[in-house]
């Protein structure tokens, strides 16, 4: 295994831990309490601050600020963390803040995510796996983005919102409530438009599942039912189509109410 490849103009704190095969470009600064996993490539002009743990085979592009403390006025210098998994791509100018003790004390990013240029991920947010955050998307603090969700460019997400698995936001969406799993929303404020049909096809959902999810959309949004009544109908449907259980769980676990 190769030793870390550190450009002589990079500044690395002696307490930082860089695994084998890590590459660090010129004018990058890595502070104390930063751990970087094997094979991660860090470009020039990146700032990494800790406590931060970064997994294997990530790519962090130039001018990104990763692991900075939050500007939240309640934050008082407590040693909160940022945790990043494996195989993520973090493009130019991304900002990711650590957590606060008022919430989970850590910001978490899973595996295999594409975080495009100038995205902001606020304190205590949690990003799942295989998500795409397109240019200039911004997450306020305490946001949860579940697996396979896609946020189109300039999406703004209010604090404490949850984006359900396989959810999709249109360009410029302003999200102020929870997005149920599988749903496509757009607008400012964001409103539910349909299921994320194209995304589901690309992820291997079959015709029967997509048909059931389309019917579920109508149950929630077109029948004038209360959310409780809609969930009762969906639970009956889920006996035949188990993927509906993920949608039902996202409805039951909503704390801000769902987008309408």
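In the numbering used here, the protein residues as written are 26 to 285.
Beta carbons are placed, not taken as given, at the ideal position from N, Cα and C, and that holds for glycine.
- In terms of Cα proximity to residue 189, the closest of 153, 127 and 178 is 153.
- When secondary structure is reduced to three states using DSSP, residue 193 falls in the strand class.
- Relative to residue 41, the option among 29, 34, 28 and 59 whose CA is nearest is 59.
- Between residue 171 and the set 155, 177 and 239, the nearest pair of CA atoms involves 155.
- The segment 220–229 makes contact with the segment 186–203, as at least three CB pairs between them are under 8 Å.
- By the CB criterion at 9 Å, residue 128 and residue 111 fall outside the cutoff.
- Here residue 180 is not bridged, per DSSP, to any residue.
- The alpha-carbon separation between residue 237 and residue 204 amounts to approximately 18 Å.
- In this structure, residue 256 and residue 277 form a Cβ contact; the two beta carbons are roughly 7 Å apart against a cut-off of 8 Å.
- Less than 9 Å separates the beta-carbon of residue 220 from that of residue 242.
- If only uninterrupted beta strand (DSSP E) runs of at least 3 residues are considered, those enclosed by the segment 114–194 are 120–122 and 131–134.
- Residue pairing by DSSP places residue 107 opposite 77 and 132 in a beta bridge.
- Using a 10 angstroms sphere on the CB of residue 161, the tally of other CB atoms reaches 16 or more, which defines it as buried.
- In this structure, the straight-line span from the alpha carbon of residue 233 to that of residue 206 is close to 17 Å.
- In the three-state reduction of the DSSP assignment, residue 92 falls in the strand class.
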